[in-house]
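Trainee: My structure is below; once you've seen it, I'll send some questions.
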Amino acid sequence: MRERHRGNYQAAVVPEIATVDVNLPASVLALADEASIAIAHFDASMGSDVAPFAAVLLRSESASSSQIEQLTSGAKAVALADIGESTRYNATQIVANVHQMEAAIALADRLDIESVLTMQKVLMEQHHADIAGKWRNQQVWIGGSGYGPHQAEFVPPHHQDVPALMDDLVTFIGRNDLPVLAQAALAHAQFETIHPFADGNGRTGRALMHAMLRGKGLTRDATIPISAGLLADTESYFATLNAYRQGDAAAIVELAAEASFRAVANGRELVADLRDMRERWNTVIHARRDSAAWPLAELLLRHPVIDGDIVQRELDVTSANAHRAIRHLAEAGVLTEFTGRSRNRLWQASEVISALDDFAVRAGQRR
């Protein structure tokens, strides 16, 4: 085996794109424009109750982006990891992806080199601190054998070329003469081609897309679960990245548009499920209007697994009021205690967890 991986190999020579003329077929531009309108309408449809739904959508997108990297975990396991009650690797990685997405959105108005490094650092610092926030310092490859790059499907550029190529990409991202969705898709493909990090490239590249959509104003409040749209056919996703490396820029833009349509449809279904659920809770919760039970019901959309300390901290209430609110929702059947412990008890909103798991199932289905 090792004999096959001796001698020279060829790494990609990646062309710069900072000032390239982007010529896409009219049909692809029209599709991307239609998808952009769908994204903008979905974002606007969140309305005045955007906060909890925006958080759910961001979490769902992070879980889908991780699933593309073969990191899967149920919504309950992720919720437990988010509050420090689980150390399962996949679940904690998905939580790291959530934090990365939050960082990407926060950095959307200044997408420079430092911002990109920060996104990857947030993703990697818990499990791989040695490579967090640093360009790779060695050759990497995609596919083939772990012994070496000689039989790989793709060998990214030499690590010495990464800083200059990333400077070029950031310049491309800063352009304002391109349709936003098309520009984000092309930037993502270029990022994955450069493969600037030792690990976390896929998730960071998809987070970068969302930062561009937010920073350039296509989205204002919601994180469109585009990765969930890609999950339906990951083979096509990776094939379009390879097509981009062969000079076909249209394929990745077309796929991003199609994934956006699927993402919007799935996202609408999730939000509708949660809105119906929330309205149903209003009919079964019997508490005074000034009770902490009502803001707790909103909190459960973002944190479907809670304990007394989380409620006290998030709602800024006393311990007594936190546990009184939990009791109201438990009596209404909204919350269920699942530890059986007398101390350090945990409660779950099973309906929210089911809605998130249903979203994940839909994301993996071809439509």
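The opening position of the sequence shown corresponds to residue 12 in this note's numbering, with each subsequent residue numbered one higher. Using N, Cα and C, we set each Cβ at its ideal position, and we do this for glycine too.
#1: So the alpha helix (DSSP H) ASP259 belongs to, where does it begin and stop?
#2: Name, in chain order, the residues that DSSP records as bridge partners for SER156.
#3: Can you give me the start and stop residues for the alpha helix (DSSP H) that LEU357 sits inside?
#4: Roughly how many whole angstroms lie between the Cα atoms of MET12 and ALA163?
#5: Below 8 Å on the Cβ atoms is my contact criterion, and I expect LEU69 with THR234 to pass it. Report the Cβ-Cβ distance as a whole number of Å.
#6: Counting Cβ pairs closer than 8 Å, one from the stretch 177 to 196 and one from the stretch 220 to 230, do we hit at least three?
#7: Under DSSP, the alpha helix (DSSP H) around GLY226 begins and ends at which residues?
#8: Based on Cα-Cα distance, which residue from PHE208, VAL264 and LEU285 lies nearest to ALA37?
#9: Taking DSSP's pairing of strands, which residues face PHE165 in a bridge?
#10: Using a 10 Å radius around the Cβ and a threshold of 16 neighbouring Cβ atoms, would you call ILE48 buried or exposed?
#11: What is the residue span of the alpha helix (DSSP H) that ASN332 lies within?
#12: Could you name the residues that DSSP lists as bridge partners for GLU348?
#13: Does DSSP classify MET12 as helix, strand or coil?
#14: When you compare only the Cα positions, how much space is there between ALA107 and ALA343?
#15: According to the neighbour-count rule (16 or more other Cβ atoms, all chains shown, within 10 Å of its Cβ), is SER76 buried or exposed?
#16: Would the stretch 58 to 67 count as touching the stretch 78 to 94 if we require 3 or more Cβ pairs under 8 Å?
#17: Should GLY185 go down as buried or exposed, given a rule of 16 or more other Cβ atoms within 10 Å for buried?
#18: Out of curiosity, what's the CA-to-CA distance linking THR204 and HIS138?
#19: Under the DSSP definition of a beta bridge, which residues are partnered with VAL316?
#20: Compare the Cα-Cα distances from THR350 to each of ASP327, ASP318 and GLU290 and report the closest residue.
#21: According to DSSP, is GLU125 helix, strand or coil?
#22: Hey, how far is the Cα of ASP287 from the Cα of ALA366?
#23: Cα separation between GLN376 and LEU242?
#24: Taking a contact to mean a Cβ-Cβ separation below 8 Å, would you say ALA239 touches ASN277 in this structure?
#25: Mind checking whether ALA360 and LEU311 have CB atoms under 8 Å apart?
#26: If you reduce the DSSP assignment to three classes, tell me which class ILE296 lands in.
#27: The alpha helix (DSSP H) that contains MET177, what's its start and end?
#28: Run the CB neighbour count on SER73, radius 10 Å, all protein chains shown included, and call it buried at 16 or more, exposed below.
#29: Just how far apart, CA to CA, sit GLU136 and ALA298?
#30: Relative to the C-alpha of ALA23, which residue among LEU285, VAL275, HIS314 and TYR255 is closest?
#31: Taking Cβ to Cβ, would you say ASP54 is nearer than 8 Å to ASP232?
#32: If we define contact as Cβ-Cβ less than 8 Å, is SER47 a contact residue for chain C?
#33: Let's see if you can read the secondary structure: which residues bound the alpha helix (DSSP H) around ASN108?
#34: Locate the alpha helix (DSSP H) running through HIS52, then write down its first and last residues.
#35: Kindly confirm or deny that the stretch 97 to 107 and the stretch 161 to 176 touch, where touching means at least three C-beta pairs closer than 8 Å.
Mentor: Put simply:
#1: The residue labelled residue 259 in the question sits at position 248 within the sequence shown. Premise fails: ASP259 is in no alpha helix (DSSP H) and is neither H nor E.
#2: If you number the sequence shown from 1, residue 156 lands on position 145. In the DSSP output, where bridge partners are listed per residue, SER156 has GLY159.
#3: The residue given as residue 357 occupies position 346 in the sequence shown. No alpha helix (DSSP H) contains LEU357, which DSSP labels as neither H nor E.
#4: Taking the sequence shown and counting its residues from 1, the one referred to as residue 12 is at position 1. Taking the sequence shown and counting its residues from 1, the one referred to as residue 163 is at position 152. For MET12, the predicted structure reports a pLDDT of 47, less than 50, and the residue's modelled location is therefore unreliable. A value from the coordinates is still provided. Going by the C-alpha atoms only, they are around 14 Å apart.
#5: Position 58 of the sequence shown holds residue 69. Position 223 of the sequence shown holds residue 234. That pair is a contact at about 4 Å.
#6: yes
#7: As a first step, residue 226 must be located in the sequence shown, where it is residue number 215. Residues 212 to 226.
#8: As a first step, residue 37 is located in the sequence shown; it is residue number 26 there, counting from the start. Taking only the C-alpha atoms, the option nearest ALA37 is VAL264.
#9: Numbered from its first residue, the sequence shown carries residue 165 at position 154. Answer is ILE153, bridged to PHE165.
#10: Counted from its first residue, the sequence shown places residue 48 at position 37. Answer is exposed; the Cβ neighbour count stays below 16.
#11: By 1-based counting over the sequence shown, the position of residue 332 is 321. Unbroken alpha helix (DSSP H) run through ASN332: 330 to 342.
#12: Here residue 348 refers to the residue found at position 337 when the sequence shown is read from its first residue. BP columns for GLU348 point to TRP358.
#13: For this step, residue 12 is matched to residue 1 along the sequence shown. For MET12, the predicted model reports a pLDDT of 47, less than 50, meaning its position is unreliable and no value from the coordinates is stated.
#14: Here residue 107 corresponds to residue number 96 of the sequence shown, with the count starting at 1. Here residue 343 corresponds to residue number 332 of the sequence shown, with the count starting at 1. ALA107 and ALA343: Cα-Cα distance of roughly 33 Å.
#15: Here residue 76 refers to the residue found at position 65 when the sequence shown is read from its first residue. That one is buried.
#16: no
#17: As a position in the sequence shown, residue 185 is number 174, starting the count at 1. Classification for GLY185: exposed.
#18: Position 193 of the sequence shown, counted from the first residue, corresponds to residue 204. Position 127 of the sequence shown, counted from the first residue, corresponds to residue 138. THR204 and HIS138: Cα-Cα distance of roughly 24 Å.
#19: On the sequence shown, residue 316 is found 305 positions in, with the first residue counted as 1. Paired residue(s): GLN359.
#20: For this step, residue 350 is matched to residue 339 along the sequence shown. Among ASP327, ASP318 and GLU290, the Cα nearest to that of THR350 belongs to ASP318.
#21: Taking the first residue of the sequence shown as 1, we reach residue 125 at position 114. Of the three classes helix, strand and coil, the one that applies to GLU125 here is helix, per DSSP.
#22: Working through the sequence shown from its first residue, we reach residue 287 at position 276. Working through the sequence shown from its first residue, we reach residue 366 at position 355. Going by the C-alpha atoms only, they are around 11 Å apart.
#23: The residue labelled residue 376 in the question sits at position 365 within the sequence shown. The residue labelled residue 242 in the question sits at position 231 within the sequence shown. Those two C-alpha atoms are separated by around 8 Å.
#24: Residue 239 sits at position 228 when you count from the first residue of the sequence shown. Residue 277 sits at position 266 when you count from the first residue of the sequence shown. The answer is yes: Cβ separation under 8 Å.
#25: The sequence position of residue 360 within the sequence shown is 349, counting from 1. The sequence position of residue 311 within the sequence shown is 300, counting from 1. Going by C-beta atoms, ALA360 is nearer than 8 Å to LEU311.
#26: The residue you call residue 296 lines up with position 285 of the sequence shown. It is coil, neither helix nor strand.
#27: If you number the sequence shown from 1, residue 177 lands on position 166. Its alpha helix (DSSP H) spans residues 173 to 184.
#28: Taking the sequence shown and counting its residues from 1, the one referred to as residue 73 is at position 62. Label assigned to SER73: buried.
#29: Here residue 136 refers to the residue found at position 125 when the sequence shown is read from its first residue. Here residue 298 refers to the residue found at position 287 when the sequence shown is read from its first residue. Rounded to whole angstroms, GLU136 to ALA298 spans 43 Å at the Cα level.
#30: As a position in the sequence shown, residue 23 is number 12, starting the count at 1. Taking only the C-alpha atoms, the option nearest ALA23 is TYR255.
#31: Along the sequence shown, one-based indexing puts residue 54 at 43. Along the sequence shown, one-based indexing puts residue 232 at 221. Contact flag set, yes.
#32: The structure shown has no chain C; it contains just one protein chain.
#33: Residue mapping note: residue 108 aligns to position 97 of the sequence shown, counting from 1. 100 to 117 is the extent of the alpha helix (DSSP H) around ASN108.
#34: One-based indexing of the sequence shown puts residue 52 at position 41. 37 to 56 is the extent of the alpha helix (DSSP H) around HIS52.
#35: no
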